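**Q** This is the structure I want to talk about, given as structure tokens.
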Amino acid sequence: MHEIALGSDILAANNTLAQHNRQHFVEHGVYVLNLMSAPGAGKTTLLERTVDALAGRHRIAVIEGDVQTREDADRIAAHGIPAIQINTGGACHLDARQVHDHLRHFSLDELDLLVIENVGNLVCPAEFDLGEHDRVMLLSVTEGDDKPAKYPVMFHVARALLLNKIDLLPHVDFDLERAERGARALNLDLEIFRLSARTGEGFESWLAWLDSRVARVKAQHG
Ligand SMILES: Nc1nc2c(ncn2[C@@H]2O[C@H](COP(=O)(O)OP(=O)(O)OP(=O)(O)O)[C@@H](O)[C@H]2O)c(=O)[nH]1
Ligand SMILES: [Mg+2]
Ligand SMILES: [Zn+2]
Ligand SMILES: [Zn+2]
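Quick note on numbering that gives the first Met the number 0: the sequence shown kicks off at 0 and runs consecutively.
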């Protein structure tokens, strides 16, 4: 009983801080995306290609969450945009406080799009609101098409699902339709994109969707 109470206290405190973060983002008209997946599904590779494609159109920054190392932030910074690393020092997810503590590294007024790459993990990142506008989940075709039923919360909270590494489809027995059916059963409104962060196949639709999400927040900001 005690453990359950403690768990819900932590989540309630996180939700309060996430609301506070959201106010910062709305106030400055920055669209914020929380990118989540299992380790190695291709989050950083997707971001590298996305940043290259959109850099002329939007002012972008990235927060990288990892248990250790600043490798991912270095990979993103090499593409010429601001990138900072949060090391969770063991924790398997980012929380709203960590994000808030690092916002001072950016000047939010000068950004259109902030992407937060969460720690690779299909479980608790789904429970921790960071104040983002949308959560986007990657599932790579090497992970198996049974994942929606096994990790339902992640699929339920996502606005969009990116089925990544489709260049590898000839080598794996991943059934795209089965994965999409499973995901839609948990989330009717889910936007689904099939793509390859390696080859760029399928990127037009993903980039168009992202564009529309950024534009929506800009329009609301006026
Ligand atoms: N074939 C193929 N490989 C990919 C694709 N996307 C990413 N990879 C490879 O998958 C590996 C992991 O990619 P990352 O982008 O580092 O994955 P990540 O989700 O950021 O990993 P963590 O941050 O450690 O959770 C790398 O070797 C990438 O080159 C893809 O679309 N096709
Ligand atoms: Mg990464
Ligand atoms: Zn604040
Ligand atoms: Zn965790």
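Cβ coordinates follow ideal geometry from the N, Cα and C atoms, glycine included. The model shown is predicted, which means the values in this text are computed figures rather than measured ones.
#1: If you measure from each residue's Cβ to the nearest non-hydrogen atom of ligand 2, which ones come out under 6 angstroms, in chain order?
#2: Is it a yes or a no for the region 131-141 touching the region 56-64, going by three-plus beta-carbon pairs under 8 angstroms?
#3: Please list, following the chain, all residues that have a C-beta closer than 5 angstroms to any non-hydrogen atom of ligand 4.
#4: From the DSSP secondary-structure annotation, give me the bridge partner or partners of residue 163.
#5: Give me, in chain order, the residues of the same chain whose beta-carbon lies closer than 6 angstroms to that of residue 44; leave out the 5 immediate sequence neighbours on both sides.
#6: Is it the case that the Cβ atoms of residue 93 and residue 29 are separated by a distance below 7 angstroms?
#7: Is any heavy atom of ligand 1 found at a distance shorter than 6 angstroms from the C-beta of residue 166?
#8: Taking all protein chains shown into account, decide if residue 145 is buried (16 or more other Cβ within 10 angstroms of its Cβ) or exposed.
#9: Using CA atoms only, rank isn't needed, just tell me which of 126, 66, 164 and 38 is closest to residue 200.
#10: Given 6 angstroms as the limit, tell me if residue 36 has its C-beta closer than that to any heavy atom belonging to ligand 1.
#11: Apart from the five residues on each side of it in sequence, which residues of its chain come closer than 6 angstroms, Cβ to Cβ, to residue 191?
#12: For the alpha helix (DSSP H) that residue 75 lies in, which residues bound it at each end?
#13: Run through DSSP, which three-state label would residue 0 get?
#14: So, under 8 angstroms CB-CB, residue 111 and residue 42 are touching, yes? Tell me the CB distance rounded to an integer number of Å.
#15: Following the continuous alpha helix (DSSP H) through residue 179, name the residue where it begins and the one where it ends.
#16: Does the distance from the CB of residue 31 to the CB of residue 101 come in under 7 angstroms?
**A** Once the coordinates are examined:
#1: A residue is listed when its beta-carbon falls short of 6 angstroms from at least one non-hydrogen atom of ligand 2; in chain order these are 42, 43, 71 and 116.
#2: Contact between the region 131-141 and the region 56-64 is absent, because fewer than three Cβ pairs lie under 8 angstroms.
#3: Selection output, chain order preserved: 91, 92 and 123.
#4: 139, per the DSSP bridge assignment.
#5: Correct list, in chain order: 196.
#6: No, they are not a contact pair.
#7: Yes, the Cβ of residue 166 comes within 6 angstroms of a heavy atom of ligand 1.
#8: For residue 145, the number of other beta carbons within 10 angstroms of its own is below 16, and it is reported as exposed.
#9: Comparing Cα-Cα distances from residue 200 to each of 126, 66, 164 and 38, the minimum goes to 164.
#10: Indeed, a heavy atom of ligand 1 lies less than 6 angstroms from the Cβ.
#11: The beta carbon of residue 191 lies closer than 6 angstroms to those of 160 and 179 in the same chain, with the five residues before and after it left out.
#12: Its alpha helix (DSSP H) spans residues 70-76.
#13: Because residue 0 sits at a pLDDT of 44, beneath the cut-off of 50, its placement in the model cannot be relied upon, and the following sentence gives the value as read from the coordinates. In the three-state reduction of the DSSP assignment, residue 0 falls in the coil class.
#14: Their Cβ separation, rounded to whole angstroms, is 20 angstroms, which puts residue 111 and residue 42 out of contact at 8 angstroms.
#15: Per DSSP, residue 179 belongs to the alpha helix (DSSP H) from 175-185.
#16: No.
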